[in-house]
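Residue numbers (the numbering used here), protein chains in the order written: chain A, 1 to 295; chain B, 296 to 590; chain C, 591 to 885; chain D, 886 to 1180. Note that the Cβ used here is the ideal one computed from N, Cα and C, for glycine as well. Report on one structure; see the data block that follows.
4 protein chains.
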Amino acid sequence: MSSAGVIDDRRYVLSLGCPDRTGIVAKISTFLAEVGGWIVEAAYHADPDTGWFFTRQAVRASSVGIGIDELRAKFQTVADEIGADTEWTLTDSGERKRVVILVSKEAHCLHDLLGRAAGGELPAEISAVIGNHKSLEPVAKAHGITFHHVDFPKDPSERGPAFDEVKTLVDSYDPHAVVLARFMQVLPQDLCERWAGRALNIHHSFLPSFVGARPYHQAFARGVKLIGATCHYVTAELDAGPIVEQDVIRVDHSDETTDMVRQGRDIEKLVLSRGLRWHLEDRVLVHGRKTVVFS
Amino acid sequence: MSSAGVIDDRRYVLSLGCPDRTGIVAKISTFLAEVGGWIVEAAYHADPDTGWFFTRQAVRASSVGIGIDELRAKFQTVADEIGADTEWTLTDSGERKRVVILVSKEAHCLHDLLGRAAGGELPAEISAVIGNHKSLEPVAKAHGITFHHVDFPKDPSERGPAFDEVKTLVDSYDPHAVVLARFMQVLPQDLCERWAGRALNIHHSFLPSFVGARPYHQAFARGVKLIGATCHYVTAELDAGPIVEQDVIRVDHSDETTDMVRQGRDIEKLVLSRGLRWHLEDRVLVHGRKTVVFS
Amino acid sequence: MSSAGVIDDRRYVLSLGCPDRTGIVAKISTFLAEVGGWIVEAAYHADPDTGWFFTRQAVRASSVGIGIDELRAKFQTVADEIGADTEWTLTDSGERKRVVILVSKEAHCLHDLLGRAAGGELPAEISAVIGNHKSLEPVAKAHGITFHHVDFPKDPSERGPAFDEVKTLVDSYDPHAVVLARFMQVLPQDLCERWAGRALNIHHSFLPSFVGARPYHQAFARGVKLIGATCHYVTAELDAGPIVEQDVIRVDHSDETTDMVRQGRDIEKLVLSRGLRWHLEDRVLVHGRKTVVFS
Amino acid sequence: MSSAGVIDDRRYVLSLGCPDRTGIVAKISTFLAEVGGWIVEAAYHADPDTGWFFTRQAVRASSVGIGIDELRAKFQTVADEIGADTEWTLTDSGERKRVVILVSKEAHCLHDLLGRAAGGELPAEISAVIGNHKSLEPVAKAHGITFHHVDFPKDPSERGPAFDEVKTLVDSYDPHAVVLARFMQVLPQDLCERWAGRALNIHHSFLPSFVGARPYHQAFARGVKLIGATCHYVTAELDAGPIVEQDVIRVDHSDETTDMVRQGRDIEKLVLSRGLRWHLEDRVLVHGRKTVVFS
């Protein structure tokens, strides 16, 4: 996969999904050729199961004579021709995206994401970190990132106001991604819907195995020989949203739960950071319960 | 992991599990030293969860002055000292083991196992292949292996006599391993118990995900990014026996179920052949629902 | 990756490489749309290093009103427009391809390829097996495949006539792929050139490490923690041709050379079969010393 | 692998290598039993190639009535009996080890190691960071770690005094490990010898491929399909020391050198942190050019 790492590598990125039929690629590529677009990446997928077609195309912004807004307006005509069900976005990699990270006490994913953002690996700025504990405030501050603490009452039935506060905080940043980086609270349905397609969670198991709490303990009890992690979009059904990325690592009988926790962290970090980068680069197209990932 | 591949590399192999306490290793190693045993492999595991201790030790047969039966008789005294709960076996790698393979129509695991046996990769002879279809008879015959066809009626409630026939056939070979190489029949409880610790199944998913029928279809529907296979001992509860080995392979949105079936075959072959070899080399110690694998 | 496994899934496959410039995709996709081509797979790569553009597109044969020869004739005009340097092929997945396999004594890759061909995993027929030893003749015959034995003299300087015989035999089948499946002879330069882009070798190391003879012994001596295998096109420089596929497996201090040989076989089989399948499905585009693989 | 993560899990760890002969295990385990040692981990390796035997045994410190110094004194007698060539260490996991990290400008390995140390994943304290550039000083300081800047002249022939300063600084901490975390200077021979068995380097290729400078550029030029990283002990011969750990990640034609650099970082971090942890837990026994790793 290619990344748009350098500033003069500014790109316009089209992501599109629609019911499949003949001629879609020709329409899109003819349009891109007409505006002078020099294609640097192009990927297609025709899904025989759903009958849908998906594409992602990146052109050099400098090769196109017009700005992103004008390009969007022009492409609307093409999209209309393709059909009313067409879902598409056209983004400018030169417009920095914003990410808000939700955390509890576990530090490793936050450390990892902030380190990657600082190292230029993520095409986004981290707008804020929101924690239901204060323990990770110093980590955020060491990176110069705003930290908001929202107190969550012990009784789950009394957490509504806390979630409202989180909602207000998150929305104040209008983020392109809301990352649940080992945030140990289940989002209420209204927030799942509000942030649909933008909220990414890291679950510390190879889903659909070991849904819910303490997956490493479940894995230890079952005696599996590999443990994993899953990055998925958050939906109202717990740990059942569209999967973006998964990976595993080998364990054996000598690994106790604490060893699995330690080894699993490495996989969680890899899987979450990959999933988030792909999301931010508009490489992930959600369709129903599944994703197309043009990595 | 080391394999005892050559004939003059004959070994006596002790596998032992018992409640853990101080001095067990000293007792065993002193015994082995007293009989002159040159240790070529030794592995230990103390399980803090169950409080059990496990070991596997292989000595050069030529370094020990006595035969395997006499060695077993002598070791009984040591085992008694260690404690009444001690479970142990002492085997002679020079005694060829026997394997019976159960199949349906899927050829790849059978092909793979017969090829490995022919190539000297499995420390066993394949005594027979038993199929509930006739389609794999030529494969077995091409390798000079006896094939038995047992007809299974369509109605599951009428399959008792067929299973009885399978039981009689299998038991006539007194095998060290009964391998369900994509045998598409669920073993009845009495056979699970009869062959407990000897019957190995390959399930074409990364358990505990996708138990039961058509796991690749389940995987496709869920949109997972890795598919896997699991080699486990057969128990009365479907796909829930102690896991011996698992592995996975990456898939993506472009892989349809038929692609997963094809790619999954490679993982099934690897996982089953590894699990079977470890079982035959007495590297797998079962304790409760889990295994210790001294690979 | 998708495979064209079933007969009614007949496809026309265009593979093309050319110096990159704006509008190529539009030209190709407009052409495909005009002939009614329903695109089932499409992949692109713009190489900033060489300034070349590569694409592979598969359309349903049934969606195109004309035959492959007429389609080729029509596309020639498009190719001419794109530029004189354009390299392209247009193939019909309904035309069965032919493979000739060269072997010595090692059986595992031959077993594996014949098994996959029999199981419908390879979109080709195995036309013949040619061996410089007779030991694998029974394997070929068991699959009903012609086996030719060509005697190779011990003195490398006297092997010219033997290679001439191999050349004559291979060419008599006009194969789409010549597979060196652990063929322990170095092809002379004239054969490398004659079969350029068609001759695939499996080397039992993770190239460029351990070029030449006995790579597992070299790996053991160096103490590496992973061993691998490489499928590459054969060129005049030993083990230096364009790499199609590589993979590795973990080893540790307890693995002796014989263990590495055994474990390495599994990787060799996987890597060679993947590379060959991609080659046969026109997924591999060679450019200079490197490959673009639209897997 | 098990880790001694919690304070009341204090262990005494014996690591030993010697020419192999009958009875060594019995001698050691009898000794451990006599001092009341409750074995929590035990691993053995008999190397047929060199004729050496290696073992690592960990006992609960609380099960042994005496301190580590007295235990060492007692074990000396056993070691003498085993033979004059015996190499052994007996360490107390309760004695915190010290690590000094050498860096240049690349931040990711330093970030990773400091994060792991802070998270309790490394059984050691980071005593200091030494850089030949000042750019990573803030990273060290954010973790409260001393940073020393040593200026290196551009002319390699004039770097002697700089290396002398590094030597004095490193030795002032008497560290158990000197980690070259992407330190872009080749250690002079006297430092290699001075820190033999303690200096760990991370090389950003799968050695022995791509020794020396700019390995990702070499990998890109060769067109490999996997890139890797290697953690090894530093010796006078560049990138040729005993390998502790290696791993790889898949790349394809679409990955440019900058992509490989980014993806390779993840592997470098994993490989270096694993290798360092094993070294600090006395799991790595060096023999000649190779290592035994009781992970």
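Buried versus exposed, by CB contacts within 10 Å (16 or more), residue i
i	result
Glu-158(A)	exposed
Ile-532(B)	For clarity, residue 532(B) is Glu in the given sequence; the question names Ile instead. Looking at its Cβ environment, which holds fewer than 16 other Cβ atoms inside 10 Å, Glu-532(B) is exposed.
Ser-62(A)	exposed
His-407(B)	His is not the amino acid found at residue 407(B); the sequence shown has Asp there. Flag for Asp-407(B) reads buried.
Thr-758(C)	exposed
Arg-572(B)	buried
Glu-193(A)	exposed
Glu-646(C)	Looking at the sequence shown, residue 646(C) is not Glu but Arg. Arg-646(C) comes out buried.
Lys-290(A)	buried
Ala-663(C)	exposed
Arg-945(D)	buried
Pro-48(A)	exposed
Pro-123(A)	buried
Three-state secondary structure assigned by DSSP to residue i
i	result
Ile-720(C)	strand
Pro-1046(D)	helix
Ala-697(C)	coil
Asp-837(C)	strand
Asp-342(B)	strand
Phe-916(D)	helix
Gly-115(A)	helix
Ala-648(C)	strand
Glu-420(B)	strand
Thr-679(C)	strand
Ser-295(A)	coil
Phe-53(A)	strand
His-279(A)	helix
Pro-537(B)	coil
Pro-609(C)	strand
Ala-826(C)	coil
Leu-521(B)	strand
Ile-857(C)	helix
Chain-order list of residues whose beta-carbon lies under 6 angstroms from that of residue i (same chain, five-residue window excluded)
i	result
Val-1146(D)	Tyr-1101
Ala-786(C)	none
Gly-684(C)	Arg-600
Ala-927(D)	Gln-942
Val-920(D)	Val-949
Neighbouring residues, chain G, relative to residue i (Cβ below 7 angstroms)
i	result
Ala-809(C)	In summary, chain G is missing from the structure at hand, where the protein chains are A, B, C and D.
Beta-carbon proximity of residue i to residue j, cut-off 8 angstroms
i	j	result
Gln-1103(D)	Thr-1115(D)	no
His-148(A)	Ile-130(A)	yes
Ile-319(B)	Phe-348(B)	yes
Ala-199(A)	Leu-207(A)	no
Tyr-307(B)	Val-373(B)	no
Val-529(B)	Gly-536(B)	yes
Val-1063(D)	Val-985(D)	yes
Gly-607(C)	Leu-875(C)	yes
Arg-686(C)	Ser-717(C)	no
Val-1109(D)	Ile-833(C)	yes
Ala-328(B)	Thr-907(D)	yes
Chain-order list of residues whose beta-carbon lies under 7 angstroms from that of residue i (same chain, five-residue window excluded)
i	result
Phe-1037(D)	Asn-1017, Arg-1044, Ala-1047, Gln-1070
Other residues of its chain near residue i: CB distance less than 8 angstroms, five sequence neighbours each side excluded
i	result
Pro-19(A)	Gly-51, Trp-52, Phe-53, Gly-83, Asp-85
Ile-1134(D)	Leu-1111, Ile-1112, Gly-1113, Gln-1148, Gly-1149, Asp-1151, Ile-1152
Task: Contact the stretch 72 to 91 of chain A vs the stretch 265 to 280 of chain A: 3+ CB pairs below 8 angstroms - done: By the C-beta criterion, the stretch 72 to 91 of chain A is judged not to be in contact with the stretch 265 to 280 of chain A, since fewer than 3 inter-stretch pairs fall below 8 angstroms.
Task: Cβ pair count under 8 angstroms reaching 3, the stretch 114 to 124 of chain A against the stretch 987 to 1001 of chain D - done: The stretch 114 to 124 of chain A is in contact with the stretch 987 to 1001 of chain D.
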